[in-house]
Amino acid sequence: MTYKITVFNTLGREYQEFKTITPGLVKMYICGPTVYDSAHLGHARTYIAFDAIIRFLEYMGYRVIYVRNITDVGHIREESGMDRMIHGAERERRHPMEVADKYMMEFFKDMDMLGVRRPDIQPRASMVIPEIIDAVHKLIEKGFAYTVDGSVYFEVSKFDGYGRLSRIKISELQRHRLEPDPRKKSPGDFALWKEAPPNYPLVWRSPWGLGFPGWHIECSVMSMKYLGEQIDVHGGGHDLVFPHHENEIAQSEALSGKSPFVRYWLHTGELTVEGQGMHKSLGNYITIREALRRYSPDLIRLFILSSHYRSPIDFSEKAMAQARENLEKIVDALNLLSEASDGGGDELANSVALDVEEFKSAMCNDFNTPSALAAIYAAADKVRAHIGMGRPVGTPSKVAGMILEMCNALGLLRGFTPVRLAVEAEKVLKVLLDVRRELRRRGLYEIGDEIRSRLAEIGIKVEDTRDGERVRLTL
RNA sequence: GCCGGGGUGGCCGAGCAGCUAGGCGGCAGGCUGCAGACCUGCUCUACAGGGGUGCAAUUCCCCUCCCCGGCUCCA
826 MTYKITVFNT LGREYQEFKT ITPGLVKMYI CGPTVYDSAH LGHARTYIAF
876 DAIIRFLEYM GYRVIYVRNI TDVGHIREES GMDRMIHGAE RERRHPMEVA
926 DKYMMEFFKD MDMLGVRRPD IQPRASMVIP EIIDAVHKLI EKGFAYTVDG
976 SVYFEVSKFD GYGRLSRIKI SELQRHRLEP DPRKKSPGDF ALWKEAPPNY
1026 PLVWRSPWGL GFPGWHIECS VMSMKYLGEQ IDVHGGGHDL VFPHHENEIA
1076 QSEALSGKSP FVRYWLHTGE LTVEGQGMHK SLGNYITIRE ALRRYSPDLI
1126 RLFILSSHYR SPIDFSEKAM AQARENLEKI VDALNLLSEA SDGGGDELAN
1176 SVALDVEEFK SAMCNDFNTP SALAAIYAAA DKVRAHIGMG RPVGTPSKVA
1226 GMILEMCNAL GLLRGFTPVR LAVEAEKVLK VLLDVRRELR RRGLYEIGDE
1276 IRSRLAEIGI KVEDTRDGER VRLTL
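According to our numbering, numbering within the first sequence proceeds without interruption in unit steps and concludes at 1300.
Structure, rendered in structure tokens:
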């Protein structure tokens, strides 16, 4: 059967059938981080969510060209009007590019540890400065931008349809955290190129003097440089809808003269911690490395995928504990299957095959990972019940393969191997269980239970069934 | 103020016009020396409140209340 994938497009706020420009090929650009500090759980949420989407598309047979940028210049901070990179550099008393490198490498490592598929191209804003200057120049030539001393601004009113993505009206862009530059023609106009103050540590020569790019333009340039003037998917956190993505559309379509710049805009919901936004001042700022010290990558991923990518998600110990139970259920089912012997019919395999169909249709419905996980749980439960009732599995490796196939399509349990004891340990365990059986036969339950609880402490759960002991390893 | 997203059973969390989400937890029973796993049943005719349109509304429309986000910092 063929599957129709439906996605919710932020542009238009509606569900649309997913049809790529070139059949079978997905050109996708995801906004990467500004590397002035360690990545946090919010980044993990966004990139894991997109990772699952990408893996699923690949699972469905698409080739995905995935570009995710690194922004290492031009991201202005509000209170000081200072580039975020410069701020990081001042804090750490290093050169801005040294700071950028440090956090970029850290980010790459975090993503690898989380099992996020590497993008095919990871361009860096500072490496496309010539292209940015060129783009800014063209925007001036085309009449979409104007200069004010050494700065260049995009004139929003020149671009028809500005505000289509975020549904913002130019006339309502009246509230500002920062006093807008009074020389701008309209408060909504945004910088393409900024004139640098004296002694600014990170500047480039341009036709307008020494300066640096505005935030937004780098993404337009990198997206078009590596994926072309029109792409299939552009994604990022929900907080980027305005102004970042709105401005990207304006710049890009003004430059290329082609519309739409992006077919499907996908945005991930915010991550909160115990119900509050993450802020260093609240003390609830959790970096990815901190999270990885406490939780396995699969656990973090399962937690994130338990919520739909567009919904907000709240991080808490309780939520993680719940995710852990669910993960253990899946792993338990896979472990049980690895020990089950062939025999019986295809009944279980056929039933799990239905779950795989459920899984696919859930994911085809705007990448509904909670529903997709429900299908995996259903399959795992069937396995546990089947084996729990002592029924033959039929083709355990086939069943395990189907469950792993679903998990892997979400990036879960990619490195799964059934937990096994070493041969020697196996023999020792057998001796212990033999002794325990004899103890129980003589009614010496207390000592038998002692053996059981001591084994449980080291991750070996012994369960007594009619057919003897079943050992579950949670090593 | 403007724009956007939400409020689903004890908790988490899908669905969004008719048909069981799912998970976690709790209770009772079965099986067990016990525990666990597994099985059965219950908690579970839940969808913020009030109107409206439908044969039919958690799902669409309007109003009210509450929460959150964006409005040139953010994934």
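C-beta: ideal position from N, C-alpha, C; glycine also.
Its chain contains N1109, F1140 as the residues whose beta carbon lies nearer than 6 Å to that of V1098, once the 5 sequence neighbours on both sides are disregarded; these appear in chain order.
Counting along the chain, the unbroken beta strand (DSSP E) around D1139 starts and ends at 1138-1140. By the Cβ neighbour-count rule, I846 is exposed, with fewer than 16 other Cβ atoms within 10 Å of its own. The continuous stretches of alpha helix (DSSP H) do not include A1016, which lies in the beta strand (DSSP E) extending over residues 1015-1020. Collapsing the DSSP output to three states places Q841 in a strand. The continuous stretches of alpha helix (DSSP H) do not include P948, and DSSP gives it neither H nor E.
By the criterion of at least three beta-carbon pairs nearer than 8 Å, the region 1071-1079 is in contact with the region 974-982.
Distance from L1096 to L1237 at the Cβ level is roughly 19 Å; contact not present, criterion being Cβ atoms closer than 8 Å. Listed as beta-bridge partners of F833 by DSSP are Y840. In this structure, the straight-line span from the alpha carbon of F843 to that of E1288 is close to 48 Å. A direct Cα-to-Cα measurement between L882 and R888 gives close to 8 Å. In this structure, P1038 sits near I957, with a CB-CB distance shorter than 8 Å. Two segments are said to touch when three or more pairs of C-beta atoms, one from each, lie closer than 8 Å; by this definition the region 1013-1029 touches the region 917-934. Taking C-alpha positions only, G1215 is separated from Y828 by approximately 36 Å. Counting only residues of its own chain and dropping the five nearest sequence neighbours on each side, D1123 has a CB closer than 7 Å to the CB of L1152, L1237, L1238. Under the three-state reduction of DSSP output, M1214 falls in the coil class, being neither helix nor strand.
If you draw a straight line from the Cα of V1046 to the Cα of A960, it comes to about 7 Å. Only exposed fits R1245, as fewer than 16 other CB atoms lie within 10 angstroms of its CB. Straight-line measurement puts the Cα of M885 at about 33 Å from the Cα of P1068.
The beta-carbon distance between L1091 and T835, rounded to whole angstroms, is 7 Å. This is short enough to meet the 8 Å contact definition.
In this structure, E931 lies near S863, with their beta-carbon atoms less than 8 Å apart. Here E1294 is bridged, per DSSP, to D1289.
By the Cβ-count criterion, R1277 is buried, with 16 or more other Cβ atoms from all chains shown falling within 10 Å of its own Cβ. Per the coordinates, the alpha-carbon of I1056 lies some 18 Å from the alpha-carbon of D1191. With a cutoff of 8 Å on beta-carbon distance, V898 and S951 are scored as near each other. With 16 or more other Cβ atoms inside 10 Å of its own Cβ, P944 counts as buried.
Per the coordinates, the alpha-carbon of V1058 lies some 30 Å from the alpha-carbon of S1011. Under the 8 Å Cβ criterion, the region 1120-1135 does not count as touching the region 1169-1176, having fewer than three qualifying pairs. Counting along the chain, no beta strand (DSSP E) covers L1052; the unbroken alpha helix (DSSP H) around it starts and ends at 1042-1052. The region 1196-1214 and the region 1142-1160 touch, with three or more beta-carbon pairs separated by less than 8 Å. Cβ neighbours of S1163 within its own chain (closer than 6 Å, five residues either side excluded): P1243. As far as DSSP is concerned, T1220 takes part in no beta bridge. For the set E1054, H1104, H1063, the Cα lying nearest the Cα of S1081 is the one of E1054. Judged by DSSP in its simplified three-state form, A970 adopts strand.
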